[in-house]
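K.L.:
Take 2 as the starting number for the sequence shown in our numbering and just add one per residue.
Heads up, the beta-carbon is just placed ideally off N, CA and C, and yes, glycines get one too.
Got a structure here, written out as structure tokens. Questions coming.
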Amino acid sequence: MTLSSATKPVQEQYDVPSIMAGIYGDGIIGLKGAFSREWVAQLGRELPELYTAALARPGGAVGRGTNRHYVEIHPEDISGFLDLVTHPWIVAVCTSVLGPNYKIVEIGFDVPNPGAKDQPWHRDFPATSETLVDRRLNSLAFNLTTVDVEEDMGPFEIAPGTQWDDPSEYDHGMFPPVSLFPRYHALAQRKLPKMGDISARSALTIHRGTANVSNKPRPVLVLGVDAPGAGHDEKHDLQFTRAYYEGLPQEVKDHLICRVVDELEPIMQGHTIEGLMMGDA
Numbered sequence: 002m003t004l005s006s007a008t009k010p011v012q013e014q015y016d017v018p019s020i021m022a023g024i025y026g027d028g029i030i031g032l033k034g035a036f037s038r039e040w041v042a043q044l045g046r047e048l049p050e051l052y053t054a055a056l057a058r059p060g061g062a063v064g065r066g067t068n069r070h071y072v073e074i075h076p077e078d079i080s081g082f083l084d085l086v087t088h089p090w091i092v093a094v095c096t097s098v099l100g101p102n103y104k105i106v107e108i109g110f111d112v113p114n115p116g117a118k119d120q121p122w123h124r125d126f127p128a129t130s131e132t133l134v135d136r137r138l139n140s141l142a143f144n145l146t147t148v149d150v151e152e153d154m155g156p157f158e159i160a161p162g163t164q165w166d167d168p169s170e171y172d173h174g175m176f177p178p179v180s181l182f183p184r185y186h187a188l189a190q191r192k193l194p195k196m197g198d199i200s201a202r203s204a205l206t207i208h209r210g211t212a213n214v215s216n217k218p219r220p221v222l223v224l225g226v227d228a229p230g231a232g233h234d235e236k237h238d239l240q241f242t243r244a245y246y247e248g249l250p251q252e253v254k255d256h257l258i259c260r261v262v263d264e265l266e267p268i269m270q271g272h273t274i275e276g277l278m279m280g281d282a
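See the structure below:
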């Protein structure tokens, strides 16, 4: 991909009211063809190696249900990190929703493998008073598939608008009771992105991974971004080697909450979702 347009003000490239309306309305937005298929194919070659290494390391991969894992990685593990975080649409969405001082706190990937079952409907973490009382969203999750998603590969499902739902009956503030499932089934939108597409969502919008009945995994890259003070960095361990960090543009460094180390250390997963590790819907 080229980033020649990155120097233009984001307001000239993307419609900020539409971004805000999408995130605050449905809770999810997307951009088709943001990256070339060649760029994504390179990512698709890198993630399986990282997955194999994570599975072999204690705490390297966390279960998110049957045949389904999440792996947090070092930005240096993938060749396209800088392209990703400087993409004009990602910058525009982060700036519009989270403000000019947004912080990148997490990068990793999900893998629903063949045999993965329906997850229970859930949020990725409990809503705080900033959302429940002040009606502000202070974090975003960006997803980028490494494959063309087909109906039998366990597509992601989301129930639009549910980032505002009252969690008082939710288990751990994250898992709605089964009595509410019909509401989410009625609202559900199944996403079938292609290589190169990006989505951005509030992780509070009720969602789930569905059953993968194909013979192919469905890896998806995840980038987590916070508004200042949101605090999700406490669950993650973003690291850069000194040489790599010093080579980053200052406008990228300004948006990182990270450790700068002489040698990268294995990541012990801090963001486990107990209800997903325990089983499936």
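Identify every residue that forms a DSSP beta bridge with Asp172.
P.N.:
Taking the sequence shown and counting its residues from 1, the one referred to as residue 172 is at position 171. For Asp172, which the question treats as bridged, DSSP gives the partners Phe176.
K.L.:
To the nearest angstrom, report how far apart Asp153 and Ala204 are at their CA atoms.
P.N.:
The residue labelled residue 153 in the question sits at position 152 within the sequence shown. The residue labelled residue 204 in the question sits at position 203 within the sequence shown. The straight-line gap from Cα to Cα measures roughly 24 angstroms.
K.L.:
Which whole-angstrom value is the C-beta distance of Leu32 and Ile199, which I expect to be below 8 angstroms?
P.N.:
What you label residue 32 is simply residue 31 of the sequence shown in a count that begins at 1. What you label residue 199 is simply residue 198 of the sequence shown in a count that begins at 1. Leu32 to Ile199, Cβ: 5 angstroms. Contact.
K.L.:
Mind listing, in chain order, the continuous beta strand (DSSP E) runs of no fewer than 3 residues lying wholly within the stretch 197-230?
P.N.:
Fully enclosed beta strand (DSSP E) runs of 3 or longer: 199-202, 208-210 and 221-227.
K.L.:
What is the DSSP secondary structure of Arg137, reduced to helix, strand or coil?
P.N.:
On the sequence shown, residue 137 is found 136 positions in, with the first residue counted as 1. DSSP places Arg137 in coil when its eight states are reduced to three.
K.L.:
So is Asp167 buried or exposed if we call it buried at 16+ other beta carbons inside 10 Å?
P.N.:
As a position in the sequence shown, residue 167 is number 166, starting the count at 1. The residue is exposed, with fewer than 16 neighbouring Cβ atoms inside 10 Å.
K.L.:
Hey, Ile20 and Ile159: beta-carbon distance below 8 angstroms or not?
P.N.:
The residue labelled residue 20 in the question sits at position 19 within the sequence shown. The residue labelled residue 159 in the question sits at position 158 within the sequence shown. No.
K.L.:
Looking at C-alpha atoms only, which residue of Glu107, Glu73 and Asn68 is the closest neighbour of Val86?
P.N.:
In the sequence shown, counting from the first residue as 1, residue 86 sits at position 85. Closest option to Val86, Cα to Cα, is Glu107.
K.L.:
In chain order, which continuous runs of the alpha helix (DSSP H) of length 4 or greater are located wholly inside the stretch 100-168?
P.N.:
You should have 130-133.
K.L.:
Quick check: Gly197 and Gly34, are their CB atoms within less than 8 angstroms of each other?
P.N.:
Position 196 of the sequence shown, counting from 1, holds the residue named residue 197. Position 33 of the sequence shown, counting from 1, holds the residue named residue 34. In contact: Gly197 and Gly34 (Cβ atoms closer than 8 angstroms).
K.L.:
With distance defined between alpha-carbon atoms, name the residue in Asn114, Leu133 and Thr129 nearest to Lys217.
P.N.:
In the sequence shown, residue 217 corresponds to position 216, counting from 1. For the residues Asn114, Leu133 and Thr129, the minimum Cα distance to Lys217 belongs to Asn114.
K.L.:
Is the Cβ of Ser200 closer than 8 angstroms to any Cβ of chain D?
P.N.:
The chain inventory of the structure shown lacks chain D, comprising one protein chain alone.
K.L.:
Any idea which residues DSSP pairs Leu32 with across the strands?
P.N.:
For this step, residue 32 is matched to residue 31 along the sequence shown. For Leu32, which the question treats as bridged, DSSP gives the partners Ile199.
K.L.:
Among Pro121, Val98 and Glu50, which residue has its Cα nearest to the Cα of Gly66?
P.N.:
The residue you call residue 66 lines up with position 65 of the sequence shown. Minimum Cα distance to Gly66 is reached at Pro121.
K.L.:
Could you tell me which whole alpha helix (DSSP H) segments of length 4 or greater appear in the stretch 39-89?
P.N.:
Taking only runs of at least 4 residues, the alpha helix (DSSP H) segments lying wholly in the stretch 39-89 are 82-86.
K.L.:
Looking only at C-alpha atoms, which of Tyr15, Ser130, Ala54 and Glu252 sits nearest to Asp84?
P.N.:
As a working mapping, residue 84 is identified with position 83 in the sequence shown. When each option's Cα is compared against that of Asp84, the closest is Glu252.
K.L.:
Whether or not the stretch 134-150 and the stretch 222-231 are in contact is what I'm after, with contact meaning three or more pairs of Cβ atoms, one per stretch, closer than 8 angstroms; do they touch?
P.N.:
As far as the Cβ criterion goes, the stretch 222-231 touches the stretch 134-150, which means the pair count is three or higher.
K.L.:
Between Asp149 and Lys195, which are expected to be in contact by the criterion C-beta below 8 angstroms, what is the C-beta distance as a whole number of angstroms?
P.N.:
Looking up residue 149 in the sequence shown gives position 148. Looking up residue 195 in the sequence shown gives position 194. Confirmed, Cβ separation roughly 5 angstroms.
K.L.:
In its own chain, which residues sit with a C-beta less than 7 angstroms from the C-beta of Arg124, not counting the 5 before and 5 after it?
P.N.:
As a working mapping, residue 124 is identified with position 123 in the sequence shown. Met175, Ala204, Leu205 and Ile207, listed in sequence order.
K.L.:
Spatial neighbours of Gln284 within its chain, please: C-beta separation below 8 angstroms, excluding the five flanking residues on both sides.
P.N.:
Residue 284 lies beyond the residue range present for the chain, which begins at 2 and ends at 282; the question has no answer from this structure.
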